[in-house]
Amino acid sequence: MTLLQERSFTVFDFETSGLDPKNDRVIEMAAIRVVNGEIASEFSTLVQYDGKLAPKITELTGITDDMTACGMDEDTAFRILNRMIVGDQVLVAHNAQFDLSFLHHSLMRIAGRSFRNDFIDTLTISRERHVYPHTLKDMCDRYAIPLVGGHRALNDVIACWELFRTLDEEQPVNDYLNTLGYMRKYGPPKWSPPNAKLNAIDLKYAPREA
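For the sequence shown, the UniProt record's numbering gives the first residue as 1, with consecutive numbering after it.
Okay, here's the thing in structure tokens:
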């Protein structure tokens, strides 16, 4: 029996004000809860942000200061998200190191505690199975999975779920539970979940044409 058949999942994605999980903030979040292989519920919201977004963030995501000003307050947003990850839900994300780091630091700051869930990183699986590149868009293109409006949280979550299903159908992903791959040349991440199995990865490249 595959992990997909045995467990329930919460696929989630954050758009953030920057790359530092300690000092930057989540400005958009989305999650879908999957039970028995079917989407049982979903949640998506912009999150209020007091600062001014860098132009590169708006360019990447399409999210503006006016949009975050109308977002849900941070505490409420994370309380709702927490209800979707409570229990033995397996968390799924593409580049899970990034999203799990923001989840950890946000929960510690807001609630004084972190999460204990198992997780799957579709980026780690992609890097071990396929040649470069491995962005969510590149992987979706590789498998003909629709991804409209990338770098918006709900669109990325739905695409990540379809990628996860496809990778599992191709070859069961059971062995990747709680595995975080990191680029060997950059060294291990500064923070990782206590249950993470860290795995150094060297990227594979397609042979150059003669």
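Glycine is no exception: its CB is placed at the ideal position from the N, C-alpha and C atoms.
What you are looking at is a predicted structure, and each value in this text was computed from that prediction instead of being measured.
Checklist entry - Along the chain, which unbroken stretches of the alpha helix (DSSP H) at least 4 residues long are found entirely within the region 89-156? => result 96-111, 122-129, 136-142
Item to check | Element boundaries [beta strand (DSSP E), containing arginine 79] | outcome: Arginine 79 -> not in any beta strand (DSSP E); alpha helix (DSSP H) instead, spanning 74-85.
Checklist entry - Taking the alpha-carbon positions, what's the serine 44 to alanine 31 distance? => result 6 Å
Checklist entry - What are the start and end residues of each continuous beta strand (DSSP E) run of 3 or more residues lying completely inside the region 17-55, in chain order? => result 26-35, 38-46
Item to check | Burial state of leucine 4 (16 or more Cβ within 10 Å) | outcome: buried
Item to check | Extent of the continuous alpha helix (DSSP H) to which methionine 67 belongs | outcome: 65-69
Checklist entry - In terms of alpha-carbon separation, which member of Asp50, Val90, Thr16, Asp24 lies closest to threonine 10? => result Val90
Checklist entry - Taking the beta strand (DSSP E) that leucine 203 falls in, what are its first and last residues? => result That residue, leucine 203, is in no beta strand (DSSP E); it is neither H nor E in DSSP.
Checklist entry - Helix, strand or coil: which one does DSSP assign to threonine 61? => result helix
Checklist entry - Of the choices Glu128, Phe115, Thr61, whose alpha-carbon is the least far from that of asparagine 155? => result Thr61
Checklist entry - Which class does leucine 3 belong to by DSSP, given the choice of helix, strand or coil? => result helix
Checklist entry - What are the boundary residues of the beta strand (DSSP E) that includes leucine 180? => result 179-183
Checklist entry - Where DSSP assigns a beta bridge to threonine 10, which residues make up the other side? => result Arg33, Leu91
Next on the checklist: Give me the residue from Cys140, Glu169, Glu170 with the minimum Cα distance to alanine 159.
Outcome noted: Cys140
Next on the checklist: Taking 8 Å as the limit between beta carbons, can you name the residues of its chain near isoleucine 125, skipping five residues before and five after?
Outcome noted: Leu167, Val173, Tyr176
Item to check | Paired residues, beta bridge with lysine 197 - DSSP | outcome: Thr179
Item to check | Beta carbon of tyrosine 132 nearer than 7 Å to that of tyrosine 205 | outcome: yes
Item to check | Classification of valine 47 by the beta-carbon crowding that lies within 10 angstroms, buried from 16 upward | outcome: buried
Checklist entry - Are there three or more Cβ pairs, one per stretch, closer than 8 Å when the region 65-76 is compared with the region 33-42? => result no
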